[in-house]
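Accompanying notes for the structure given below.
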Amino acid sequence: MDDYIFTLELGVRDYELDSEGIVNNARYLNYLEHTRHAFCRHAGYTFAQMQADGFVPVVHRVEVDYKTPLRSGDVMLSRLWVESQGVRFVFHQDIFNRDTGRQAVHAVVSIVCLRDGKLTRGDELRQAFAQYLAKP
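Using this note's numbering, you'd call the opening residue of the sequence shown number 1 and step up by one each time.
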């Protein structure tokens, strides 16, 4: 698939490994989140700006398929594309081992936006991400 709109290169740090010498499964959630935040900066709308505008995007659902483990010294390419589905923004994210090309993780992360604790349509994100949203 070549529909990715953003790629972030990250290195595995030794403290992210579990007792088996592979990246702990929970760490991938951090990688995915870090990539979404970097994408927001790239798109020109940081989380600080979102909060200043009075709304907060929050994770609604995460689905993760673990494919091939990453190990100490590996460099990953964390890639994503995003689509709007009603009030949700759905991030399709994949992490690959940069050197082998093997897929480590496939994830689908749904985000919703809150204003004053109430669900919104997320028009601010829809506008900020307009050029990046997948077309139906």
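Beta carbons are placed, not taken as given, at the ideal position from N, Cα and C, and that holds for glycine.
My output table needs one value for Tyr-45: the three-state DSSP class, helix, strand or coil.
Start at 1 with the first residue of the sequence shown, and residue 45 comes out as number 45. Collapsing the DSSP output to three states places Tyr-45 in coil.
Cβ-Cβ distance between Phe-96 and Ala-104 below 8 Å:
Here residue 96 refers to the residue found at position 96 of the sequence shown. Here residue 104 refers to the residue found at position 104 of the sequence shown. In this structure, Ala-104 lies closer than 8 Å to Phe-96 by Cβ.
Tell me whether Phe-96 sits in a helix, a strand or coil according to DSSP, three-state version.
Along the sequence shown, read from residue 1 onward, the residue named residue 96 stands at position 96. In this structure, Phe-96 counts as strand in the three-state DSSP scheme.
Taking just the CA atoms, how far does His-92 sit from Gln-85?
Numbered from 1 along the sequence shown, position 85 holds the residue referred to as residue 85. Numbered from 1 along the sequence shown, position 92 holds the residue referred to as residue 92. Approximately 12 Å between the Cα atoms of the pair.
For Phe-129 versus Ala-38, is the C-beta spacing smaller than 8 Å?
Taking the first residue of the sequence shown as 1, we reach residue 129 at position 129. Taking the first residue of the sequence shown as 1, we reach residue 38 at position 38. For Phe-129 and Ala-38, no; Cβs fall outside 8 Å.
N- and C-terminal bounds of the alpha helix (DSSP H) containing Glu-124
Numbered from its first residue, the sequence shown carries residue 124 at position 124. Taken as a continuous stretch (DSSP letters only), the alpha helix (DSSP H) holding Glu-124 covers 123 to 128.
Which one of Asp-18, Leu-125, Leu-32 has the shortest CA to CA distance from Met-76?
As a first step, residue 76 is located in the sequence shown; it is residue number 76 there, counting from the start. Closest by alpha carbon: Leu-32.
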